[in-house]
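Scroll down for the structure; my scribbles are underneath it.
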Amino acid sequence: MSGEISGLDEVKVKVRELRRQYEMISGRDRMMLNGLIVFLVVVAGFFILLKPSLDSVSDAQLKLKGKQELLQWIQSNESLAKSLRKGGGKSQGRKPGQSLLALINQTSSQFRVPLKRYEPEGQDKLRVWVEDIPFNGFMRWLTSLQSKHNVNVINISIDSQKQPGIINAKVVLKG
-18 MSGEISGLDE VKVKVRELRR QYEMISGRDR MMLNGLIVFL VVVAGFFILL KPSLDSVSDA
42 QLKLKGKQEL LQWIQSNESL AKSLRKGGGK SQGRKPGQSL LALINQTSSQ FRVPLKRYEP
102 EGQDKLRVWV EDIPFNGFMR WLTSLQSKHN VNVINISIDS QKQPGIINAK VVLKG
């Protein structure tokens, strides 16, 4: 406790010394010093009190903007989500009792995709070979299988032919 008192006494001595030096300064210099002290107090107050508040407001505005963009994206995709929830709208799946092989045969003829060969792999997979077919038509057929009938590509191998845009392909479908 005596150490605290001596430390406090030292502070009092320093304050008295500073006050004495302050009183020895001319009136004009004293006003300038007072103005400088007021300026430093205002600047310190800004950095201690206001700046964290302003930073917090700025962060909140950024978060709000991000959430507004997310809300806009959700609203713009609301109809798509509703159609998917109702069964995908366009997605029909297979007719009851229709095999994957029957579905592939039916859709390949609709899209004019001649099947060279096919092999069942278990109950829900089918390996299919096609030759000399336009790439774009083949991709439209695969896209239709996935989007309208829930048939997915498990594995695919595509080889180009001499004629541009014409391919041979081997694909494993699951559905």
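Heads up, the sequence shown is in the working numbering, so the first residue is -18 and it goes up one at a time.
Glycine is no exception: its CB is placed at the ideal position from the N, C-alpha and C atoms.
Keep in mind it's a predicted model, so treat the numbers as computed, not measured.
S138 is bridged by DSSP to K151. With 16 or more other Cβ atoms inside 10 Å of its own Cβ, L81 counts as buried. Residue I148 holds the alpha-carbon nearest to the alpha-carbon of D113 among G47, I148 and D36. Look at N86 here: in three-state DSSP terms it is helix. Here the alpha carbon of A41 sits roughly 11 Å from the alpha carbon of S34. Assignment of K129 by DSSP, reduced to helix, strand and coil, places it in the helix class.
Here V(-4) is exposed. Its C-beta has fewer than 16 other C-beta atoms within 10 Å.
Here V94 is actually not in contact with L154; their C-beta atoms are around 12 Å apart, not less than 8 Å.
Counting the other Cβ atoms within 10 Å of the Cβ of A83 gives fewer than 16, which makes it exposed. A straight-line Cα-Cα distance of about 40 Å links E50 and T88. Inter-residue distance for Q104 and K46 is about 50 Å (C-alpha atoms, whole angstroms). In the structure shown, the three-state DSSP call for R93 is coil.
From the listed residues N86, P115 and S90, the smallest Cα separation to P101 is found for N86. With respect to V111, V134 sits apart: the two C-beta atoms are not nearer than 8 Å.
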